[in-house]
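Undergrad:
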Amino acid sequence: MVKVSVIIPNYNRETLVGDTIENMLRQSLPPHEVIVVDDGSTDNSVSVIKKFGNRVTLIEQTNQGPSAARNLGLKVASGDFIQFMDSDDLASLNKLEVQARVLQEQEADIVYGAWTKAWLTNGQVKLQDVVLQQAPLPSHQHPLFWFLTSWSMVFQQCLVRKSLLDRIGGYREDLRLYEDGELFVRMLLAGAKLVHESETLTLYRLEDHGKLTASGSQQHRKILDKARFHILIANLLKQEPAFSKILTHPEFRANAWSSLKDLEKFPNNSDSLSHSLKDFLGQENLLLLSIINWLRQKSKGIQYRLKGHRWSHGYQAYPLTAKQQKLIEKLGFSVS
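For the sequence shown, the numbering used here begins at 504 and goes up steadily by one.
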């Protein structure tokens, strides 16, 4: 029987990590192993995790960030497929079973399903707006084009073949933000086969509860890592003729310009990153990129007034279905 290893990095989520572990242990396809890597928590997280006994493999490390925690989990994982979960998110109880079956039947490397951002409080789920990825990415362009211009994903909604991760080398540990995106780009550049399934649902919890916030030093780190991400991706694409035209796509360049503008908030310690982004953008009219960025924001505002959300076409965003509501109810929640 196929083996699925679940890897959960944890940092100071004592009130939530137990729910995520229980959610994985309740899956209709029992996981081969649940590996929780505690990243130097200072709260009661470790005690909560230890209550699961030998049903969970607990690894403790000093605080090194989620990338290092996931890589450590990968080193000890022995499953065929990997389920990455954040320590506060939940998935429908059929997720591992359905996605493992799809990976096998379609001989794929990555399978992704529907997901939604939601508040989970007092036994109720309140969606932020719609459910994302109700259908696959439109096929008229490669997933990499979608991802680097107008679409994103989260690994919680996916199941990944471990051999792919072993082949490309796991996460970059010098990124604490945008690390999933950088890994996903390398997966696609390595020729990973990406497929969609429509039977599961992943709940991305919106409460803070220890998630990185957008203030102070963490906001600084976000801006720096966003710039590093664009520089790393630009350098990767320069070596890939089949995808090099992404480098000239207005959306990709506008995103790089946005990173450059954000760096201006921290002029004392971002000179090298600013120079690298300026080298990439070259002599291009920066005013034109600022206009493109302004038009993007305006179009999202118009879309919100028309559709009630700002998600682009690639997300295939639609209202919660009756079937998905039943999946939520099986988790023990009602939909408000």
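For glycine and all other residues, C-beta sits at the position ideal for the given N, C-alpha and C. The structure presented is a predicted model; accordingly, all values stated were derived computationally and were not measured.
(1) Using a Cβ-Cβ cut-off of 6 Å (strictly less than) and excluding sequence neighbours within five positions of S773, which residues of its own chain qualify?
(2) Just verifying my parser: in three-state terms, what is the DSSP assignment at Y807?
(3) Buried or exposed: V520, going by 16 or more other Cβ atoms within 10 Å of its Cβ?
(4) How about the stretch 669 to 680 and the stretch 582 to 591: do they share at least three Cβ pairs that are nearer than 8 Å?
(5) The beta strand (DSSP E) that contains W618, what's its start and end?
(6) For A621, which residues from the same chain have a beta carbon less than 8 Å from its beta carbon, with the 5 sequence-adjacent residues on both sides left out?
(7) Which ranges does the alpha helix (DSSP H) cover as unbroken runs of at least 4 residues, wholly within the stretch 537 to 572, from first to last along the chain?
(8) Nearest-angstrom Cα distance between K665 and R529?
(9) In the structure shown, what three-state DSSP assignment does S815 receive?
(10) Pick out whichever of W814, K553, Q659 has its Cα sitting closest to the Cα of W618.
(11) Any contact between the stretch 596 to 604 and the stretch 681 to 694? By contact I mean 3 or more CB pairs, one from each, below 8 Å.
(12) How is T518 classed by DSSP in three states: helix, strand or coil?
(13) Taking the DSSP output, what are the residues bridged to P512?
(14) Grab the span of the beta strand (DSSP E) containing I585 for me, first residue to last.
(15) With DSSP run on the structure shown, which of helix, strand or coil describes Q530?
(16) Per the DSSP calculation, Y821 is bridged to which residue(s)?
(17) Tell me, to the nearest whole angstrom, how far the beta carbon of L691 is from that of L647; I am working on the premise that it is less than 8 Å.
(18) Should T703 go down as buried or exposed, given a rule of 16 or more other Cβ atoms within 10 Å for buried?
(19) Quick one: using the 10 Å Cβ neighbour count with 16 as the cut-off for buried, is Q609 buried or exposed?
(20) If you reduce the DSSP assignment to three classes, tell me which class V657 lands in.
(21) Go through its chain and collect everything with a Cβ distance to L575's Cβ below 8 Å, but skip five positions before and after it.
(22) Once you ignore the five residues that flank L697 on each side, which residues in its own chain have a CB closer than 6 Å to its CB?
(23) In the DSSP assignment, find the unbroken alpha helix (DSSP H) run with R670 in it and report its ends.
(24) Can you tell which of E517, M527, H816 has its C-alpha closest to the C-alpha of Q644?
(25) What residues in its chain sit with their C-beta under 6 Å from that of G543, if we drop five residues either side in the sequence?
(26) When you compare the CB of R558 with every CB in chain D, is at least one pair closer than 8 Å?
(27) In the DSSP assignment, find the unbroken alpha helix (DSSP H) run with E710 in it and report its ends.
(28) Taking H812 and A825 to be in contact with their CB atoms under 8 Å, please state how far apart those CB atoms are, rounded to whole angstroms.
(29) The alpha helix (DSSP H) spanning M690 covers which residue range?
(30) Fully enclosed by the stretch 718 to 774, which alpha helix (DSSP H) runs are 4 residues long or longer?
(31) Which residue wins for smallest C-alpha separation from P753, given the options K803, I538, S653?
(32) For W814, is the classification buried or exposed, using 16 other Cβ atoms within 10 angstroms of its Cβ as the cut-off for buried?
(33) Please return the same chain residues whose Cβ sits closer than 7 Å to the Cβ of V551, not counting the five positions on each side in sequence.
(34) Do R689 and G568 have their C-beta atoms closer together than 8 Å?
(35) Would you kindly check if the distance between the Cβ of A757 and the Cβ of I726 is under 8 Å?
TA: Short version:
(1) L766
(2) helix
(3) buried
(4) no
(5) 613 to 624
(6) V628, K629, L630, Q631, L706, Y707, R708, L709
(7) 548 to 553
(8) 22 Å
(9) coil
(10) Q659
(11) no
(12) coil
(13) V540
(14) 584 to 587
(15) coil
(16) V634
(17) 5 Å
(18) buried
(19) exposed
(20) coil
(21) V540, I562, Q564
(22) I613, P646
(23) 665 to 671
(24) H816
(25) T565, N566
(26) Structure shown: chain D not included; a single protein chain is present.
(27) Element bounds for E710: n/a, residue is neither H nor E.
(28) In fact, because the Cβ distance is near 20 Å, the residues do not count as touching under 8 Å.
(29) 682 to 692
(30) 719 to 741, 753 to 766
(31) S653
(32) buried
(33) E517, V520, G521
(34) no
(35) no
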